[in-house]
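Sequence lines, in order, name chains A and B. Start counting the first sequence at 4; every next residue gets the next number (this note's numbering). Start counting the second sequence at 161; every next residue gets the next number (this note's numbering). Ideal placement from N, C-alpha and C gives every residue a C-beta, glycine not left out. To start, the structure itself, in structure tokens.
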Amino acid sequence: MAKTQIIPPDSYPQMAGKNDAVKMSRVLRSQEAIQRGADVIEEASHALREGVREHVRALETAIGDHQLTSEKAHEILGFAETAGLAATGRIADGLCRYFDEMEKLAAEPDMEVIALHVSAIARAAYAEDEAIRMGDMVAKELAILVHHKLAETKAALSD
Amino acid sequence: MPGTGLETLKVLIVEDNQHMRVLLRSLLGSAGMHDVQEAGDGSAALAELAIRRCDLILCDLAMKPMDGLALTREVRRSKKSANPFVPIIMISGYTEKRRVEAARDAGVTEFLAKPITAQSLYSRIAEIMERPRAFIRCDAYFGPDRRRKTVDGNYTGPWRRQDDMHDLEVR
């Protein structure tokens, strides 16, 4: 077994020299840069929403294939909130957690739980105003459902 | 933002979602980083890295055919790697502990959970510049030091992790 070698930061190439790095990181942490970045996200939100909806359509056709459904749900989770579709992101997050936990338990996911989430994600992704608040409520209800279903699965596995 | 030095950085975005690629490029551009290349998966990224210098990689985890973990291992450990020390920020919606640990053990520099914000992305990049980490080379690992804090500043032994000690005892 070879001895562990520790290579200090000053003995390999860095992104920038020390003085430049200080200057660059100051820019990146400035309120001005952060606000400009937030504006970029805001400007991109319409196109991003269309992107989320493309993935929602793919999610709807993936039902039955757990691997693919999980992948699509994670894709939606990845940028729905950035696209301004917060409720869609939260419901997708619930579905992702459900898939991840069931995978950890090596248990078969419940089709009803998946279908309810997919249907709610699709509705939330096209919702406006009032319906968005409904989406938040649906996300909470589905989170409770996932909690119960996981508890049931864990209890069944420990019997 | 000309003259900040950020415009000199060469960044590679490795992401299979076109919308995320566009968003990341726009966010980098907004901060002054305009020298940006894109790749749709790990294999395309390796082809890009073979012909072009890169100062920073932003990389998704789940991609096909080559995912972000395989790309990171290849960048860190392959003899063909042009820069095994290049900072890698893994950006992913898969945030369970085991996935984050797998990313860390592959050799990523930072992990950023999706959904991202401008602030979260910029602060990860700034963090790498402000506090570059030592690299560790041992039998089972090459990459940034996986320990963020020194538990005992006096320790000068060859083993960097509790598991290394265990390996020694087992052997």
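- Bounds of the alpha helix (DSSP H) holding E234 of chain B are G228 to R237.
- Under the Cβ criterion of 8 Å, P225 of chain B is not counted among the residues facing chain A.
- DSSP places G303 of chain B within a strand segment (E or B) once states are collapsed to three.
- For A205 of chain B, no CB of chain A lies under 8 Å from its own CB, so it is not counted at the interface with that chain.
- Nearest C-alpha to M18 of chain A among B:G202, B:E175, B:I285 and B:E261: B:I285.
- Beta-bridge partners of R297 of chain B (DSSP): A:Q8 and B:F302.
- With distances taken between CA atoms, V149 of chain A lies nearest to A:G97 out of A:A123, A:G97 and A:A65.
- The C-beta of A278 of chain B comes closer than 8 Å to at least one C-beta of chain A.
- The three-state secondary structure of C214 of chain B, taken from DSSP, is coil.
- From the listed residues A:I94, A:D23 and A:I37, the smallest Cα separation to D139 of chain A is found for A:I94.
- At a Cβ-Cβ threshold of 8 Å, E234 of chain B and L216 of chain B do not count as neighbours.
- When the beta-carbon positions are compared, L166 of chain B and M27 of chain A come within less than 8 Å of each other.
- Inter-segment contact for the segment 123-131 of chain A and the segment 49-62 of chain A is present: three or more beta-carbon pairs are separated by less than 8 Å.
- In the three-state reduction of the DSSP assignment, F102 of chain A falls in the helix class, which pools H, G and I.
- In terms of Cβ geometry, L184 of chain B and L218 of chain B form a close pair [threshold 8 Å].
- Per DSSP, reduced to three states, the secondary structure at D220 of chain B is strand.
- It is roughly 32 Å from the alpha-carbon of G200 of chain B to the alpha-carbon of S14 of chain A.
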